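Notes to accompany the following structure.
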DNA sequence: TATGAATGAGTATTCATTCAT
DNA sequence: CATGAATGAATACTCATTCAT
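Residue numbers (this note's numbering), protein chains in the order written: chain H, 955 to 1149; chain E, 955 to 1149; chain D, 955 to 1149; chain U, 955 to 1149.
Take a look at the structure:
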């Protein structure tokens, strides 16, 4: 089936997917820089497509947001599995939390974005479930090892980190968020038996 | 019919202040339950006054928000001073952080509210400065005592707690937030010299 | 009925009238300086009374405006009669038109105020009728003398002057308005029979 | 059912421009009949479009007004040049002023509209400059010819006409405005040397 | 399939007017 | 009579979503 040769002028079907990816990437950037309240037209414009095209790919605003973060969540999920397989429990947990910080710092995803993602809203169920599973995997191992105990939900550790990154975050938030990871790990540690 | 003597049925002049307080209380609740994006008409309706009355007391949306939180910040500030005066440093810090949790839990102030407040926006400068000063006072004392060390800003401790309370907070967030306070305190502690 | 002696603390009844006059004067100034769209609260505040007091004296916005200008119209009406009695027809007309300019220039009444007043809206019927009568008196005499002819309504002469004063009036409008009076008078003159 | 070929029943892309023009025309009429204070929703409704459509074409109220009048000003500007080229100076001036009257009479643009336009507000800078230039061109020629003299700004001639048309204009204002043009021209004329 | 014009409900804010004190 | 708090209709403008081309 040699189709492509016959439709040289019209955009090849692959452009649909290209637009989709462009929109996701653009949406991430725009949400990060302008906040989660930006209008969708601005995102469409920044992506170089019409608003109609945005809606073709993402039928509601919330669908777009969901998709934007599902990606990131998937990558973090993969990292969690790898770290769990290759590192001692507490180190794996700590490293993944640092990765969590770095990952979003690098990707410029801050502000309401994270909150939204780790938030429990049903909209983001998929991303949220992914993250929940990742942190759960790592904390379970660490608890099983007897090195830490957990008096909060696993997700609360991330919520704390997000708080540092998010709530009135000034410059330097990333370093502080990393330091917070260590404070949290230290705070979770089961004290060594003295006797 | 001697009505006038005992029926404050008609709104007396004092009701201006009553309305003001009702509006502040209602706004706090509505912001908490519906998010910081609620329309002001909804707040006015919930307070049982006209939208014009709301605007008489709070000339802009932001003035309302500012006032809502300034109140709370002031009360927390007073508590910080009292605790610092009456308790050992780390205990004072821990107690105040628990108060911070409880206070807002009781008052139903969650969601973006806190974020906004501890956030750096100039609007909330007064509230924000108040909180910054309170936590700073308490951490300074605790650090000076040699019992803890701080690798993050004092405010980051609150940001972490807020994260737990805020980011996708489900039921039970309050217990978790309290537990988080202890995790943080534990994580800040300078380990006892073993030798 | 010697009442006044017995109520020394309460404001004497004369204050009602004083407030009325203060409101009229203030309203004139504020309309002049801020335009005809100012809020009534601003006028009340500038007059040093409550908005309720303003409404006691002037039951609607339009009643206030009417009253503000009725005063001025009365004074101009008196001047018209005097001029008609004491001066040759065309000179009386010209002088009164100059007075019309000067009067409002001095009183700072410009902008929409004049338009409103000479305008036909029923609201301002009284003021309007007064002015109509004044200019009518003067033009009738001048026409009767055979020195001018009139192809427009008498009021249109004032409308033209008002246009100069009003429509995008810059500094210097007063001199221009005066010059316009002379242009109009010249334009109305019946040419001298040459043969 | 071959519908597509001859039924522009559904709004085609070209209707964007059609809507734009409809809005401009409607706005002109509505401003004229209801005054410059009408709500934009009323204009949108009268034009048969949603308020959002109005805002798509004219992002602010002032943008709409500006556009409404720029149109008219341009057409008058073109007429001024043509008249200056083809007629004796004073006749050109007079004719253009009559056109000024007729044009706006025909187009139903009265009330504050003209005032606004010939007024100096920056918003209407373009329209205003256009008109200023047109009348300036015509008066310069007439003065140069020695037939008239000018003791006011050129624009004041239009202000006077506008006053007649505008200030409490009743029915018949158009005839009066035309008569006023002749009064003004007559008033500007340099008297013939008698000796 | 992509486009962007159209839609209209929703939002913050203003202001003339009323009414209880 | 004076006061000013309360009212709520009105207004300019925004934005998620739909739909004709």
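We put the CB at the ideal spot given by N, CA and C, even for glycine.
This structure is a prediction, so every number in the text was calculated from the model and none was measured.
Does the Cβ of residue i have 16 or more other Cβ atoms within 10 Å, making it buried, or fewer, making it exposed?
{"i": "residue 896 of chain E", "result": "The displayed coordinates of chain E run from 955 to 1149. Any statement about residue 896 of chain E would go beyond what the structure contains."}
{"i": "residue 1132 of chain H", "result": "buried"}
{"i": "residue 1117 of chain D", "result": "buried"}
{"i": "residue 1107 of chain D", "result": "buried"}
{"i": "residue 980 of chain D", "result": "buried"}
{"i": "residue 1082 of chain D", "result": "buried"}
{"i": "residue 971 of chain U", "result": "exposed"}
{"i": "residue 1142 of chain H", "result": "buried"}
{"i": "residue 968 of chain D", "result": "exposed"}
{"i": "residue 991 of chain H", "result": "exposed"}
{"i": "residue 995 of chain H", "result": "exposed"}
{"i": "residue 1095 of chain E", "result": "buried"}
Should residue i and residue j be called a contact, given that it needs their Cβ atoms to be closer than 8 Å?
{"i": "residue 1145 of chain H", "j": "residue 1101 of chain H", "result": "no"}
{"i": "residue 1127 of chain H", "j": "residue 1140 of chain H", "result": "no"}
{"i": "residue 1047 of chain D", "j": "residue 1093 of chain D", "result": "yes"}
{"i": "residue 1030 of chain E", "j": "residue 1135 of chain E", "result": "no"}
{"i": "residue 997 of chain E", "j": "residue 1008 of chain E", "result": "yes"}
{"i": "residue 1114 of chain H", "j": "residue 1114 of chain E", "result": "yes"}
{"i": "residue 1022 of chain H", "j": "residue 988 of chain H", "result": "no"}
Rounded to a whole number of angstroms, what is the C-alpha to C-alpha distance between residue i and residue j?
{"i": "residue 1088 of chain D", "j": "residue 1024 of chain D", "result": "13 Å"}
{"i": "residue 1097 of chain E", "j": "residue 1130 of chain E", "result": "25 Å"}
{"i": "residue 977 of chain D", "j": "residue 1040 of chain D", "result": "35 Å"}
{"i": "residue 1137 of chain H", "j": "residue 1138 of chain E", "result": "6 Å"}
{"i": "residue 1035 of chain U", "j": "residue 1084 of chain U", "result": "11 Å"}
{"i": "residue 1032 of chain H", "j": "residue 1054 of chain H", "result": "12 Å"}
{"i": "residue 1003 of chain E", "j": "residue 1010 of chain E", "result": "11 Å"}
{"i": "residue 1057 of chain E", "j": "residue 993 of chain H", "result": "35 Å"}
{"i": "residue 975 of chain H", "j": "residue 1012 of chain H", "result": "11 Å"}
{"i": "residue 957 of chain U", "j": "residue 1125 of chain U", "result": "Confidence at residue 957 of chain U is low in this model, with a pLDDT of 42, below 50, so the placement of that residue should be treated as unreliable; the coordinate-derived value is given next. One C-alpha to the other measures close to 48 Å."}
{"i": "residue 920 of chain H", "j": "residue 986 of chain H", "result": "The structure shown does not extend to residue 920 of chain H, since chain H spans only 955 to 1149, so no value can be given for it."}
{"i": "residue 1112 of chain E", "j": "residue 1050 of chain E", "result": "11 Å"}
{"i": "residue 1005 of chain U", "j": "residue 984 of chain U", "result": "15 Å"}
{"i": "residue 1015 of chain E", "j": "residue 999 of chain D", "result": "24 Å"}
{"i": "residue 1151 of chain D", "j": "residue 1099 of chain D", "result": "No answer is possible for residue 1151 of chain D: it lies beyond the span of chain D, which begins at 955 and ends at 1149."}
{"i": "residue 1104 of chain H", "j": "residue 1026 of chain E", "result": "31 Å"}
{"i": "residue 1045 of chain U", "j": "residue 973 of chain D", "result": "56 Å"}
{"i": "residue 1109 of chain U", "j": "residue 1001 of chain U", "result": "33 Å"}
How far does the alpha helix (DSSP H) with residue i in it reach, from first residue to last?
{"i": "residue 987 of chain H", "result": "968-988"}
{"i": "residue 1011 of chain U", "result": "1005-1011"}
{"i": "residue 995 of chain E", "result": "994-1001"}
Which residue or residues does DSSP assign as beta-bridge partners of residue i?
{"i": "residue 1036 of chain D", "result": "DSSP lists no partner for residue 1036 of chain D."}
{"i": "residue 1143 of chain H", "result": "H:1102"}
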